[in-house]
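In what follows, a structure is listed as structure tokens, so that the remarks can point back to it.
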Amino acid sequence: MVIDPFDRGGLQDAEAVLRAHGVDAYFRAVQGWTADGCAIIDGREVVLAGSNDYLGLSRHPRVIEAAAEALARYGASVSGSRPLNGTIDLHERLEERIAAFLGQESAAVATTGFQANLALAAAMGPGDVAFSDARNHASLIDGLRLGGGTVRSYRHTDLGHLRRRLDAATEPGGRLIVTDGVFSMEGDVAPLRDLRELADEYGAKLIVDSAHDLGVLGQRGAGLHEATGLEDRVDLITATFSKALGSTGGVIAGPAANVRRLRYNARALVFSAGLPPASAAAALAALDVLIAEPHRRERLHELSRLLHDGLRALGFDTRPSTTPIVPVSFPDMAAAGAFWAGLCDAGVVVNLVGPPATTRAMLRVTLTAAHDAGHAERVINAFATTADRLRTPRAPHPDHRFESW
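Dropping the structure here:
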């Protein structure tokens, strides 16, 4: 039997299950945005409670103005790779600013956050071993697999299993421990200090993807490494500008020698057109706003607390999250899809996710600093009315608490 390479599992299987139950959840077009975190979908205004625009900066006037000015000055594209003609002064300024903000020696900007993680392939070679958390983002996993070394996963945040993996490794090369800072689907946080201790014990390098903690965690919003006091103890940090910084693009930051190696050797950086000027300018402006307006991060955490508390009071289990990413589990994709559709009918759009992105069917809910307490109440009320209508089983978990980082 000949296997059709275009007919293999993944998201399309989940989509087929949902479609069989009359649910159309993916690739829905947004026709526009309002200033307060709502969106126009299918011609009506809804509370968009699934965005990664954590600080509400993607439509901030200063960010939009900076992007427009860069577009007028530099054009729509740099039309070249970074080593050749694709570097502009905005890239250099952004690299200097983001490195300083992250408390790192150097930084290299990539065209997307996904490409920043693909660039990690240049940190590996034959004989090297990367130990990757089982729930790391797909871009981290792909970057490590491209590196020519060995990739071994360890059970999610299971330090004992990681230690056993380290003990069993016989390869002659280097060791990397690689983790998300905040895990993108369930919102839990990596045990970074413990990972650093293990890395030191075994002579390994520690790499952290701060996509979902940059701008969100830490006193300054620099991320999990700041929140845990490890600003000078991480060997590489990757991040994206498409979340808290409201733009697009990615970054690799760390000691100058480590960043230089990737800047010159990572195919994802060397053989790709540079970050568009408008995106670079938007990220720079967003960084300025992030620093100047810490109340945005405070509002994000307060709204997240309201959301966690409100859903828990209704009997929904939001474990293991302690961050603005709020997961709500369901027994299967059909049940999750029916609930998602009910929320849409109530004017609330969240993210419907399941295998292979997650190990379980769930709704991923997020509020942003562009929302207010009224939006949080609308989301909670929509969950209540939908659960009542569908007779969704619920059980409270009063021991679970939201943490402000």
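Take the sequence shown: its letter number 150 is residue 150 in full-length UniProt numbering, and every next letter is one higher. Heads up, the beta-carbon is just placed ideally off N, CA and C, and yes, glycines get one too. This structure is a prediction, so every number in the text was calculated from the model and none was measured.
Between the C-alpha atoms of residue i and residue j, what's the straight-line distance to the nearest angstrom?
i, j, result
"H161", "R155", "6 Å"
"V251", "S242", "11 Å"
"P83", "S58", "29 Å"
"E302", "Q104", "29 Å"
"A211", "E92", "21 Å"
"A268", "A119", "5 Å"
"D89", "A29", "34 Å"
"T323", "L55", "14 Å"
"A190", "H225", "10 Å"
"G75", "G86", "12 Å"
"D388", "A376", "19 Å"
"G218", "T228", "8 Å"
"G310", "R135", "27 Å"
"Q31", "I40", "5 Å"
"A362", "A286", "With the sequence shown as reference, residue 362 is identified as Met, and Ala is not the correct amino acid for it. Whole-angstrom Cα-Cα distance: 31 Å."
"R220", "A292", "10 Å"
"E95", "V379", "38 Å"
"T385", "P393", "13 Å"
"D200", "V208", "15 Å"
"P327", "A49", "12 Å"
Does the Cβ-Cβ distance between residue i and residue j come in under 8 Å?
i, j, result
"V129", "E186", "no"
"S139", "V151", "no"
"G223", "G181", "yes"
"W340", "V47", "no"
"R97", "L275", "no"
"G246", "T111", "no"
"R364", "V350", "yes"
"L236", "N265", "no"
"L390", "S304", "no"
"V270", "S79", "no"
"S321", "D188", "yes"
"L166", "Y202", "yes"
Between the Cα of residue i and the Cα atoms of the options, which residue gives the shortest distance?
i, options, result
"V216", "L146, L284, G181 and R297", "R297"
"G147", "G127, A134 and R163", "G127"
"A99", "N265, A239 and A119", "A239"
"L307", "G113, S77, H371 and F271", "H371"
"M124", "A387, G143, T179 and T323", "G143"
"L195", "I40, A286, D213 and R233", "R233"
"residue 407", "T179, A369 and N351", "No information on residue 407 is available, as it lies outside the stretch 1 to 405 that the chain covers here."
"H60", "D200, R145 and G37", "G37"
"L176", "I291, D200, V270 and A204", "A204"
"R319", "A108, G80 and A395", "A395"
"D288", "V2, D13, D53 and V63", "V63"
"R334", "L18, T392, T386 and V2", "According to the sequence shown, residue 334 is Ala rather than Arg. Considering only alpha carbons, the answer is L18."
"A369", "R163, A244 and P327", "A244"
"L206", "S184, D213 and L230", "L230"
"A108", "L352, A199, G374 and R261", "R261"
"N381", "G342, P327, G43 and T358", "G342"
"Q115", "P356, S106 and H137", "H137"
"D53", "I325, A357, F330 and A373", "I325"
"A121", "S106, L102 and R145", "R145"
"P355", "F330, A373, A72 and G374", "F330"
"A373", "S106, L300 and R73", "L300"
"A14", "A273, Y26, E65 and P5", "Y26"
"L214", "F101, L314, S153 and G173", "F101"
"A256", "S106, R263 and A20", "S106"
"G315", "F383, L352, G149 and V353", "F383"
"R164", "D317, L198 and G173", "L198"
Going by the DSSP bridge assignment, what does residue i pair with across the sheet?
i, result
"E45", "I40"
"T368", "DSSP output for T368 lists no bridge partner at all."
"F131", "R152 and I177"
"K243", "DSSP, once it has assigned bridges, lists no residue as partnering K243."
"W340", "W340 pairs with nothing; no bridge assigned."
"F330", "A361"
"N351", "R364"
"L307", "In DSSP, L307 forms no bridge with anything."
**Message:** Using a Cβ distance threshold of 8 Å, determine whether the segment 340 to 351 contacts the segment 275 to 282, with at least three qualifying pairs required.
**Reply:** With the cut-off at 8 Å, the segment 340 to 351 and the segment 275 to 282 do not touch.
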